[in-house]
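Student:
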Amino acid sequence: MQTEADKLRQALELYREEDLTRAEMLLEAIDFDALDGDLHVEANYLWGLVLSRRGDPLEAAHRFQTCIKLDQRFFPALDAWGNILANLGDSRGAIEKYKRALAVVAPEQSGHILHNYGQVLLRAGYTLKALQRFREAFKRNPKGHDNAYMSGICYLKLKRYRGALKWLRTSIELAPESARNHVAYGNALLGSKQYDEAEEEYTRALELDPGYADAHYNWAVALAEQEDYGRAVRHCKQGLRI
């Protein structure tokens, strides 16, 4: 006979297979009172993840809140709850959840939370604070090109092109096949008025991903700054056709 713990394991497998409907049906069939304390928390967390993926953020947040009532140090639920609030536009609420998560998580496990925290700060206009979080996240995981990329984006927004070049060069070294990284590096070169080098990066980005419209648009900006308006218009049109 299948135990409640067995049902939970099966629901987790279904979630990983992206069979969200069956995963939720199985979670609904679990007798939560029959689960041990730790599994009770894990079950609510998994249910929250399923609900979030299925487009029900409020019910997902309720499940994550239940996790924290059961175990105030269960940082994955705080992180996920913060993500829900961020997606709903509640930056203040999201930041509060990330702070609580960082207060209880071990430093070596905090990189993902710091990244999410930085994203919310950046969207809210706190570019310097966001930069601090992304740089700190990179220290936690020096192989994570996303944090190097986002650090570079912050420097771009601040128009500090030397810093942008450094971090975006690092992002390319870590993920050379990312068209996004090459476009951002090209933008840093553009800001530094290194037009030929910027165009090389946009070319490389389009070689990697011919459908990356931003490469055309930013290339057009570089050409317009050099008063090559004919080619600039052509690249704008190419971007619009994608």
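The numbering used here numbers the first residue of the sequence shown as 1 and each following residue consecutively. Even for Gly, the Cβ is constructed at its ideal location relative to N, Cα and C. Quantities reported herein were computed from a predicted structural model and do not represent experimental measurements.
(1) Is the CB-CB distance between A175 and N187 below 9 Å?
(2) According to DSSP, is F74 part of a helix, a strand, or is it coil?
(3) So the candidates are E24, E18, W167 and L35; which of them puts its Cα closest to the Cα of E4?
(4) Residues in its own chain within less than 7 Å of P76 by CB, not counting five upstream and five downstream?
(5) Considering only their Cβ atoms, is the gap separating A179 from L168 smaller than 9 Å?
(6) Within 10 Å of its beta-carbon, does Y229 have 16 or more other beta-carbons around it, so buried, or fewer, so exposed?
(7) Going by DSSP in three states, A175 sits in which element: helix, strand or coil?
(8) Helix or strand or just coil, what does DSSP make of P210?
(9) Straight-line CA distance for P57 to D90?
(10) Measuring alpha carbon to alpha carbon, tell me which of F64, A232, F138 and L158 ends up nearest T127.
(11) Taking the alpha-carbon of L39 as reference, which of T66, L190, G211 and L122 has the nearest alpha-carbon?
(12) Where does N141 sit, in a helix, a strand or coil, going by DSSP?
(13) With distances taken Cα to Cα, identify the nearest neighbour of E108 among E96, A80 and F138.
(14) Would DSSP call Q2 helix, strand or coil?
(15) So, with DSSP's three-state summary, where would you put V183?
(16) What separation, rounded to the nearest whole angstrom, lies between the Cα atoms of N147 and Q2?
(17) May I have the straight-line CA-CA distance separating L70 from F32, to the nearest angstrom?
(18) By how many angstroms is the C-alpha of G163 removed from the C-alpha of A124?
(19) With DSSP run on the structure shown, which of helix, strand or coil describes Q226?
Tutor: Working from what's here:
(1) No, Cβ-Cβ distance for A175 and N187 is not below 9 Å.
(2) coil
(3) L35
(4) Y45
(5) Between L168 and A179, the gap from beta carbon to beta carbon reaches 9 Å or more.
(6) exposed
(7) In this structure, A175 counts as coil in the three-state DSSP scheme.
(8) coil
(9) 12 Å
(10) L158
(11) T66
(12) It is coil, neither helix nor strand.
(13) F138
(14) coil
(15) helix
(16) 43 Å
(17) 13 Å
(18) Straight-line Cα distance between these residues: approximately 21 Å.
(19) coil
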